[in-house]
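The structure appears right after this line, and notes come after that.
Number of protein chains: 2
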Amino acid sequence: MLSVIALAQRIESGASTPSSLVDQCAEVIAQCEDGIGAFTVQDLDRARDQAAHAQGPLRGLPVGVKDIYDTADLPTGYGSPIYKGHQPASDAAIVSLLKRAGCVVAGKTVTTEFAHATPGKTRNPHHTAHTPGGSSSGSAAAVAAGMLPLAIGSQTAGSVIRPAAFCGVAGFKPSFKLLPTVGMKCFSWSLDTAGLFAASVADAAYAASAITQRDLRVDQGAASAPSIAVVRTHNWDHASDAMKEAVETAARTAERRGARIRELVLPSIFEEADEAHSIIQFYESAQALAFEYDRHRDRLSPALREALDQAAMVSPDAYDAARRTSHRARQALNELNDFDVLLTPSAPGAAPAGLASTGWPIFNRLWTLLGNPSVNVPGLMDDAQLPLGVQIVGRFGRDRSVLEAGHFLEDALRRR
Amino acid sequence: MLSVIALAQRIESGASTPSSLVDQCAEVIAQCEDGIGAFTVQDLDRARDQAAHAQGPLRGLPVGVKDIYDTADLPTGYGSPIYKGHQPASDAAIVSLLKRAGCVVAGKTVTTEFAHATPGKTRNPHHTAHTPGGSSSGSAAAVAAGMLPLAIGSQTAGSVIRPAAFCGVAGFKPSFKLLPTVGMKCFSWSLDTAGLFAASVADAAYAASAITQRDLRVDQGAASAPSIAVVRTHNWDHASDAMKEAVETAARTAERRGARIRELVLPSIFEEADEAHSIIQFYESAQALAFEYDRHRDRLSPALREALDQAAMVSPDAYDAARRTSHRARQALNELNDFDVLLTPSAPGAAPAGLASTGWPIFNRLWTLLGNPSVNVPGLMDDAQLPLGVQIVGRFGRDRSVLEAGHFLEDALRRR
């Protein structure tokens, strides 16, 4: 995989030129893309041209943009036949921020239909008969295959953390709205969260720092060992044996490196909040996709059509109650002390076989609802050599802490 | 002016047909539009066709859509030459909701540039040498001139309440996110709020009820007299003598009808929050309009260019501090008891002379920041026969209470 930090250092030192980064990616893309299908469209010639003039800490760095974000120079299909060939008039805000940091857009990456369930063409680079996860399928796969050092995605339930876990890359879902969602096709405005994929947590942190102009880097000296609470959640029975073992391994490995480990059983309000996520997503999607549902119903996938049929039945009262529940759960989480971060599965297990489903966001949606920052920490594998991702969840607005803890754990797993 | 409720009743009773409502509006538009300039584009023929098939409580009701909302069938320019002739691929969510309720889109209404400061062509129907207010200039003026019974707008600082006040119509800025902003050109995602204009508060409530499928109607029997706290805010010195008198008149008139009136001096956190509004708006606009700033800088108005230059200097730390301030102010407002609603000016005074500025949102931005529902209550005039609007602000999520209190006051002023 391509490291953001290593590439930035090569540019900084003059060992590489920005244009040569594009060449390097173009070569891997030429080798791998046919088998993986990470892109909806590539734009390498323009990327090469723009790299020559790029400024900023990420200058010349080719980035993949999930095709749920508008781009003024590239068609944006949102994973739906309704928008095939659609050309937006502007770039999404995060695309402009990437460009300001020096990135060049290498292409648009595959999303499921409107970032919901119906998959695109992308395959898992670790085993092409397995799903890469979704909805940010192409972004996760492009980074995992070494085609790109950086890609952006979005998460409404589990669409950053899960594909990162399935593809064995770092995924960073920041605190809600830390990265702007302006120009992202909306599915649920209370949940849609922009996120990043990179080779390692430190790489994701470096990129996030450059994009946000916040001090989020974790590659400049060792952070102190974090205090970690292992959270199995009420969904623990849905985790595979391999995943349960991965969480154990992560906890013990961190502990050996000096982390303080404790167990945390979440109060029942969090189980209610987990249910509230679906109600909020349904209710808002019925409005966010009202145009597509009313005018292009026959061009929605059966799965999305059914979801929107169901969504139309959620009452304002049920929605308001779900929002109150999520508010109470946020307060309850603030009141839980005695840990820096939580450790929990990123997904029920490794990437399932087959391409018909992108997997289940059961270990993600609670944290999306609450808006807490989380990272997928790669490094563990199951017996079939498929990646197993574990998730570090931090406190709202404490994005640097979650990145530091994720980096700490990733490093510990690497040295194991 | 055209009453939403009266028109809906005529349809219900068979006294009018949906298509005849469009004819009625078309006639007034033909008389008035040249002098007022409320529309960027009209679509009356299609509206007439669609009225014939419309279903729902607002069937056939012609609505004006502020040109900051995407429409799939009409060009959407966001008040900027950058987007002249731009044709979105979809309708904004609120446009779909209006259509579901039976409305037909009569046309797009004038917005200031990106709903910021630089005015469009619209004139105040009460005196065409005066500003109609902004940024929802066309929507307020179209309702005031009797060209339309209903129009939608948006408020990031004072863009619903202020033009409603200047034009002498009811303006309803609901609780933050009660009406969806999906498909609205974003200026500041923490502040942008969709709102409505109608002839009276009861009309606005009727329309809001139909659009949201929430029980917001206030025209079905008398509500009990509210307990009203008069809030002068630290900006009181900026109110004109006529406005100060209007607030007094409103309070005394409500009191005579049975309302309980008290004075409330806001704690200093609200003055801090008022400052925080600008910081949040600046910071977010620098990202929301990053594409336009980076690629089309020369096609921005000087005022917006300067605002975005300044916006680029707001640090993440200043933004985070402003968000914490607004959070604390929300909590502080929740802790203030002993009133149902607040009474405060809608604007510093009546519409200023001249069209170069749309006025000052100094009495609006605090309530936009906090997300509380508010209504402009029309009915008072200054000596020059220009409307003076007073504002009722309610508790977050208690939209019906604010509409009831606004209706109570409007009715009391009418019977004065």
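Top line first, the protein sequences correspond to chains A and B. Read the first sequence against the numbering used here and you will find it ends at 416, with the numbers running on by one and no gaps. Read the second sequence against the numbering used here and you will find it ends at 1416, with the numbers running on by one and no gaps. For every residue, glycine included, the Cβ atom is placed at its ideal position computed from N, Cα and C.
Residue range 1150-1155 is occupied by the beta strand (DSSP E) that includes residue 1151 of chain B, with no alpha helix (DSSP H) assigned at that position. The residues 1147, in chain order, have a CB closer than 6 Å to that of residue 1029 of chain B in the same chain once the five nearest residues on each side in sequence are set aside. Cβ-Cβ separation between residue 198 of chain A and residue 149 of chain A: approximately 7 Å, consistent with a contact (criterion under 8 Å). Look at residue 1374 of chain B here: in three-state DSSP terms it is strand.
Taking residue 217 of chain A as reference, the option from A/204, A/73 and A/172 with the minimal CA-CA separation is A/204.
What residue 1083 of chain B touches in chain A, judged by beta-carbon distance under 7 Å, is 89, going in chain order.
Taking the CA atoms as reference points, residue 380 of chain A sits about 54 Å from residue 1135 of chain B. Residue 171 of chain A is outside the set of residues whose beta carbon lies under 9 Å from a beta carbon in chain B. Taking a Cβ-Cβ threshold of 9 Å, none of the residues of chain B is close to residue 103 of chain A; the smallest such distance is about 13 Å. In the structure shown, residue 114 of chain A falls within a helical segment according to DSSP collapsed to helix, strand and coil. Taking 9 Å as the CB threshold, residue 177 of chain A lines the interface with chain B. The Cβ of residue 182 of chain A sits closer than 9 Å to at least one Cβ of chain B. Residue 1294 of chain B belongs to the set of residues whose beta carbon lies under 9 Å from a beta carbon in chain A. Per DSSP, reduced to three states, the secondary structure at residue 1147 of chain B is coil, with no helix or strand assignment. Every unbroken stretch of the alpha helix (DSSP H) spanning 4 or more residues and falling wholly within the segment 253-318 of chain A is given here in chain order: 269-288, 290-295 and 302-311. Between the alpha carbons of residue 1106 of chain B and residue 1047 of chain B lies a distance of about 6 Å.
Taking the Cα positions, residue 1240 of chain B is about 5 Å away from residue 1349 of chain B. Nearest Cα to residue 407 of chain A within the set A/222, A/361 and A/235: A/222. By the neighbour-count definition (other C-beta atoms within 10 Å, threshold 16), residue 1129 of chain B is an exposed residue. A straight line joining the alpha-carbon of residue 1095 of chain B with that of residue 1177 of chain B spans about 15 Å. Of all alpha-carbon atoms in B/1291, B/1175 and B/1189, the one lying nearest the alpha-carbon of residue 1403 of chain B is that of B/1175. Burial of residue 1376 of chain B is indicated by the presence of at least 16 other C-beta atoms within 10 angstroms of its C-beta.
Residues of the segment 57-74 of chain A with a Cβ closer than 7 Å to any Cβ of chain B, in chain order: 72. For residue 244 of chain A, no Cβ of chain B is located within less than 9 Å of the residue's own Cβ. For residue 40 of chain A, the enclosing beta strand (DSSP E) stretches over residues 39-42.
Along the segment 211-236 of chain A, the positions whose C-beta sits under 8 Å from a C-beta of chain B are 212, 213 and 214, read in chain order.
One finds 1290, 1291 and 1294 in chain B with Cβ atoms closer than 7 Å to the Cβ of residue 96 of chain A, taken in chain order. With contacts defined as CB atoms closer than 9 Å, residue 1158 of chain B and residue 1137 of chain B fail to qualify as a contacting pair. Assignment of alpha helix (DSSP H) within the segment 132-215 of chain A, counting only whole runs of 4 or more residues, yields 137-144, 161-167 and 201-212 in chain order. Leaving aside the five residues that flank residue 1003 of chain B on each side, the residues in its chain whose CB is nearer than 7 Å to its CB run, in chain order, 1149, 1199, 1200 and 1203.
Against chain B, a Cβ distance below 8 Å from residue 189 of chain A picks out 1177, 1180, 1181 and 1182. Between residue 254 of chain A and residue 388 of chain A, the CB-CB gap reaches or exceeds 9 Å.
Here the segment 1307-1323 of chain B does not lie against the segment 1331-1341 of chain B, with fewer than 3 beta-carbon pairs under 8 Å apart. Less than 9 Å separates the beta-carbon of residue 64 of chain A from that of residue 152 of chain A.
Assigned with DSSP and collapsed to three states, residue 1090 of chain B falls in coil, not helix or strand. Under the three-state reduction of DSSP output, residue 28 of chain A falls in the helix class.
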